[in-house]
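So the sequence shown is numbered by the numbering used here: it starts at 55 and just counts up by one. Beta carbons: idealized from backbone N, C-alpha and C, even for Gly. A quick note: this is a predicted structure, and the numbers were derived from the prediction, not measured.
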Amino acid sequence: MIGCISQFEIYSSSAALVQRTIAAAAECSPRSVTTIRSNLRQFGDTRAPSIGAGRPHSITPLMLEALCDHRTLM
Numbered sequence: 055m056i057g058c059i060s061q062f063e064i065y066s067s068s069a070a071l072v073q074r075t076i077a078a079a080a081e082c083s084p085r086s087v088t089t090i091r092s093n094l095r096q097f098g099d100t101r102a103p104s105i106g107a108g109r110p111h112s113i114t115p116l117m118l119e120a121l122c123d124h125r126t127l128m
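The following block contains the structure:
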């Protein structure tokens, strides 16, 4: 099978051509096109959801009560 082109090679070369065409029209990189497509497929939006790091920003009722008690003592 020397000299034959597999379906994968045909698809990947045409996909790369389409990505380059879209990237040229949008004035961005082909990698950006790939990332945006992936995000649309996975999350339904062009951006992936943010990953929250650190502790949550919430005051529990017990913490609020302690703060109010501390404030009244001053």
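- Around the CB of V87, 16 or more other CB atoms lie within 10 Å, so the residue is classed as buried.
- In the DSSP assignment, R109 falls outside any alpha helix (DSSP H) and carries neither an H nor an E.
- In the three-state reduction of the DSSP assignment, E81 falls in the coil class, being assigned neither a helical nor a strand state.
- With contacts defined by Cβ atoms closer than 8 Å, N93 and A80 do not form a contacting pair.
- Excluding sequence positions up to five before and after A70, its CB lies less than 6 Å from no other CB in the same chain.
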